[in-house]
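So the sequence shown is residues 93 to 194, counted in this note's numbering. All C-beta atoms in this analysis are idealised placements derived from N, C-alpha and C, irrespective of residue type, glycine included. For clarity, every value in this text was computed on a predicted model and none was experimentally measured. Report on one structure; see the data block that follows.
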Amino acid sequence: MMNKNMIKQAQQLQKRMMQLQEELESATAEGSAGGGVVKVVVTGKMVVQSIKIDPEAVSKEEVEILEDLVLTAVNDAIDKSQEMANAKMSALTGGMKIPGLM
């Protein structure tokens with residue numbers, strides 16, 4: 093049987109988790125490839141926010157290379173965004189594994 097203190101703690105955790113979700117929507121992670129020729133920004137919710145390509149990197153002969161760099165940069169940014177989200181969630185839950193969260 094849950095006592096009032098446990099219910100209050102659960103409500104506080106739920107409130108902090110909602111705040112964390114809001115933070116993750118505005119937090120960003122940047123990935124890059126080709127020594128910074130391609131940069132991608134992804135939100136903490138894993139949404140690609142922007143892609144920047146150095147104009148010097150664009151030529152007809154190197155389109156396939158550029159495509160590979162964009163793919164690498166997107167995956168790098170998503171990996172960093174996931175790490176950021178996991179770190180924030182772990183800090184919130186004190187390292188507890190809560191089913192359904194991350």
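Within 9 Å, strictly: CB atoms of residue i and residue j
| i | j | result |
| --- | --- | --- |
| Val130 | Thr120 | no |
| Gly128 | Ile170 | no |
| Gly126 | Leu161 | yes |
| Ile145 | Val166 | no |
| Met61 | Leu184 | The question about residue 61 has no answer here: the residues shown for the chain are numbered 93 through 194. |
For residue i: DSSP bridge partner residues
| i | result |
| --- | --- |
| Ile145 | Val130 |
| Gly123 | Val132 |
| Val140 | Val134 |
Beta-carbon contacts of residue i that lie in its chain and below 8 Å, excluding the five residues immediately before and after
| i | result |
| --- | --- |
| Met194 | Here Met194 scores only 47 on pLDDT, less than 50, and its place in the model should not be relied on; the value that follows carries that caveat. Contacts found: Ala177, Asn178, Met181. |
| Gln111 | none |
| Glu115 | Gly136, Lys180 |
| Glu148 | Val129 |
| Glu154 | none |
Boundaries of the alpha helix (DSSP H) in which residue i is found, first to last residue
| i | result |
| --- | --- |
| Lys107 | 96–118 |
| Glu175 | 155–185 |
Close-in-space but distant-in-sequence residues of the same chain around residue i (CB under 6 Å, 5 per side omitted)
| i | result |
| --- | --- |
| Asp168 | Gly123 |
Neighbourhood of residue i by C-beta, 7 Å cutoff - its chain only, sequence neighbours within 5 removed
| i | result |
| --- | --- |
| Ile96 | Rather than Ile, the amino acid found at residue 96 in this sequence is Lys. Nothing meets the Cβ criterion. |
| Val140 | Val132, Val134, Val166 |
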